[in-house]
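Numbering (my numbering), first residue to last: 163 to 817. These notes concern the structure reproduced below.
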């Protein structure tokens, strides 16, 4: 559930501001609304925190990492000094990298020219011989004007490199003179223009120094860079100290941010300071007691519609197993949205099991979670949610893999009979392998299961929305009811168009005795058409049916496309079967490749191939779960529920 919040405003004497914040932090219950700190002390603390963060990031990249036992402690002041040194070295290291890259880029640009020295060219120019580097297409070079003096350097397939000679360029130009003299000076400054080079000729810019000097710079900068890298590596023993100091200073910064950013009156004997925030309703009594003891003024109200209220979730330990995943995805429901943690865990477990789809993989995950649990108990540590989640997901994978008779991609004819007997015939790959007709029947059954899962999953979304609207006494629930009817009607359309129109024909009699004389297409059309009408009229209801209809008419194209979206949302659940099928194909291929090597002298290579191949398949399956399994919860399900995951976590101001 999403914990109800109260909005509070706290007013204290400005002279007691620091003491009040210390006690409020010790209480650790109020999520303070965003405040922007100010002042020199705040700025210095912010810079110090950033310095510690950058320093820790720099030493964290050191490979290999020093052993935990090698970590050395630092006081906060010592950590700041060490951080300043590391940040300075990191900046110098980056600067050297940029210089090396620039020098290499210049060498790469000039590598076909051989050695180039701008000083030599400058010396020749001072003697009246002006040389410029040019490149031109080879066919153009052979047709240069005979008056153009060049020195051929080299050519490749398409480009010719040459030096343009301008030996009559004047050494000095007079500031005075007629127009012809000025034009001559301009021409002398532009050899290409004077020599009438074609426009295809490209003047090659000279490097800032000779190519030999660039090579020397690369070597020198490389040595400096290596020395600095070694110095940063030697500071890796302070990684933990820098991290801990950063965390400590972040708390100080958080306090200073509130202290310096609190709204307050002008200086005076009875000047006031105040802040606003949110607190769980269940904890309000504790704050009221503290306010009474400290003589704080406290205003309490329900959050307004436009308030940015933090979200605090409260669920039992089983449902809480999903929190590591939601934290990883960084998705938080808005305060006025729904807590779908329980449904998320249930359906995500099913999706995970179907995508991994192999009981052998599931058994490995269950075994791994049990080992992690036992290791934690030996160390007297409380079980982590991650361990529990891994166990649940492994168990779901084992169940689905057992039902479909999938064990490490091993062919069914080589599986022990007991494992084959555990399979569920309508889903069993063992039964599918017996004939093409059986395979077609099993494939269709799994597709039907995917679509039935979609129907149930998305129906839950609409039912939750209906219940909320009824609770709020809003006629809008009829719009959700219409969407639910469309979903149910479209389910049969999907079965007809995707699974098999012979198995699910529209002219099939309704399978209920009183209505068996009518074809099934009648209720399907009634559900889709009637549901669309209800959705069209009431989905935008906000006190007026007329306004709701007008709003739907304004978005008529989107409303009509919504019917198609219902179809596509149901069909999208087929990805669970398709992705699982791809994983099964990979594991089977790995086994086929490794099989001939087993039992011979190449058995070691076969084991490596099996470990690598199945390991790669597991990684790909994890990516598939993130892309597909998560999407069905955070997109399809959430869209039907009207959720946009616009929330942010409740983070109280605490020590």
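Ideal placement from N, C-alpha and C gives every residue a C-beta, glycine not left out. Treat the numbers as computed from the prediction; the structure is a model and nothing was measured.
Give every residue of the same chain whose Cβ lies closer than 6 Å to the Cβ of residue i, excluding the five residues on either side of it in the sequence, and list them in chain order.
{"i": "residue 174", "result": "182, 435 and 458"}
{"i": "residue 697", "result": "641, 644 and 645"}
{"i": "residue 342", "result": "Residue placement at residue 342 is flagged as unreliable, the pLDDT there being 40, under the threshold of 50; a coordinate-derived value is accordingly withheld."}
{"i": "residue 232", "result": "399"}
{"i": "residue 379", "result": "265"}
Just the C-alpha distance for residue i and residue j, rounded to the nearest angstrom, thanks.
{"i": "residue 410", "j": "residue 259", "result": "33 Å"}
{"i": "residue 514", "j": "residue 808", "result": "25 Å"}
{"i": "residue 314", "j": "residue 359", "result": "15 Å"}
{"i": "residue 559", "j": "residue 784", "result": "12 Å"}
{"i": "residue 246", "j": "residue 214", "result": "8 Å"}
{"i": "residue 730", "j": "residue 683", "result": "20 Å"}
{"i": "residue 750", "j": "residue 688", "result": "46 Å"}
{"i": "residue 815", "j": "residue 239", "result": "25 Å"}
{"i": "residue 185", "j": "residue 176", "result": "15 Å"}
{"i": "residue 701", "j": "residue 786", "result": "34 Å"}
{"i": "residue 760", "j": "residue 318", "result": "54 Å"}
{"i": "residue 480", "j": "residue 801", "result": "25 Å"}
{"i": "residue 714", "j": "residue 485", "result": "38 Å"}
{"i": "residue 737", "j": "residue 664", "result": "23 Å"}
{"i": "residue 622", "j": "residue 488", "result": "20 Å"}
{"i": "residue 228", "j": "residue 381", "result": "29 Å"}
{"i": "residue 305", "j": "residue 275", "result": "22 Å"}
{"i": "residue 649", "j": "residue 745", "result": "30 Å"}
{"i": "residue 718", "j": "residue 725", "result": "11 Å"}
{"i": "residue 733", "j": "residue 656", "result": "7 Å"}
Is it right to say residue i is buried, meaning 16 or more other beta carbons lie within 10 angstroms of its own, or is it exposed?
{"i": "residue 392", "result": "exposed"}
{"i": "residue 471", "result": "buried"}
{"i": "residue 638", "result": "buried"}
{"i": "residue 188", "result": "exposed"}
{"i": "residue 536", "result": "exposed"}
{"i": "residue 669", "result": "exposed"}
{"i": "residue 352", "result": "Reliability of the predicted coordinates at residue 352 is poor, the pLDDT of 47 falling under 50, and the value obtained from them is presented with this limitation in mind. Under this definition residue 352 is an exposed residue."}
{"i": "residue 163", "result": "exposed"}
{"i": "residue 193", "result": "buried"}
{"i": "residue 273", "result": "exposed"}
{"i": "residue 659", "result": "exposed"}
{"i": "residue 277", "result": "exposed"}
{"i": "residue 777", "result": "exposed"}
{"i": "residue 817", "result": "exposed"}
For residue i, which residues from the same chain have a beta carbon less than 7 Å from its beta carbon, with the 5 sequence-adjacent residues on both sides left out?
{"i": "residue 735", "result": "612, 613, 615, 616 and 794"}
{"i": "residue 180", "result": "421"}
{"i": "residue 483", "result": "507, 547, 550, 551 and 554"}
{"i": "residue 822", "result": "Residue 822 is absent from the structure shown; the chain starts at 163 and stops at 817."}
{"i": "residue 207", "result": "411, 414, 415 and 418"}
{"i": "residue 423", "result": "197, 198, 199 and 200"}
{"i": "residue 493", "result": "796 and 807"}
Would you mind giving the Cβ-Cβ distance between residue i and residue j, rounded to the nearest angstrom? I have them listed as a contact below 8 Å.
{"i": "residue 510", "j": "residue 531", "result": "At roughly 16 Å, the Cβ-Cβ gap does not stay under 8 Å, so residue 510 and residue 531 are not in contact."}
{"i": "residue 739", "j": "residue 608", "result": "5 Å"}
{"i": "residue 217", "j": "residue 404", "result": "5 Å"}
{"i": "residue 323", "j": "residue 297", "result": "5 Å"}
{"i": "residue 524", "j": "residue 563", "result": "6 Å"}
{"i": "residue 170", "j": "residue 439", "result": "6 Å"}
{"i": "residue 293", "j": "residue 368", "result": "That belief does not hold up - the Cβ atoms of residue 293 and residue 368 are roughly 10 Å apart, past 8 Å."}
{"i": "residue 366", "j": "residue 286", "result": "Contact flag wrong, Cβ pair sits at about 16 Å."}
{"i": "residue 210", "j": "residue 172", "result": "Incorrect: roughly 28 Å between the Cβ atoms, too far for contact."}
{"i": "residue 811", "j": "residue 441", "result": "About 15 Å; that fails the 8 Å criterion."}
Can you find a CB in chain B that lies within less than 7 Å of the CB of residue i?
{"i": "residue 263", "result": "Judged by its chain identifiers, the structure shown contains no chain B, having just a single protein chain."}
On a CA-only basis, which of the options is nearest residue i? Give me that one, please.
{"i": "residue 374", "options": "265, 290, 453 and 542", "result": "265"}
{"i": "residue 462", "options": "455, 445, 474 and 456", "result": "445"}
{"i": "residue 685", "options": "524, 647 and 705", "result": "647"}
{"i": "residue 395", "options": "310, 475 and 222", "result": "222"}
{"i": "residue 320", "options": "255, 303 and 710", "result": "303"}
{"i": "residue 728", "options": "620, 699 and 813", "result": "620"}
{"i": "residue 711", "options": "695, 661 and 371", "result": "695"}
{"i": "residue 261", "options": "386, 300, 306 and 741", "result": "386"}
{"i": "residue 474", "options": "798, 788, 166 and 803", "result": "166"}
{"i": "residue 626", "options": "743, 230 and 499", "result": "499"}
{"i": "residue 219", "options": "397, 268 and 496", "result": "397"}
{"i": "residue 389", "options": "269, 251 and 427", "result": "251"}
{"i": "residue 316", "options": "723, 299 and 257", "result": "299"}
Between residue i and the rest of its own chain, which residues show a CB-CB distance below 8 Å, the 5 nearest in sequence each way excluded?
{"i": "residue 755", "result": "771 and 775"}
{"i": "residue 448", "result": "189 and 191"}
{"i": "residue 538", "result": "544, 545, 546 and 549"}
{"i": "residue 137", "result": "Absent from the model: residue 137. The displayed extent of the chain is 163 to 817, so no value can be given."}
{"i": "residue 453", "result": "172, 459 and 460"}
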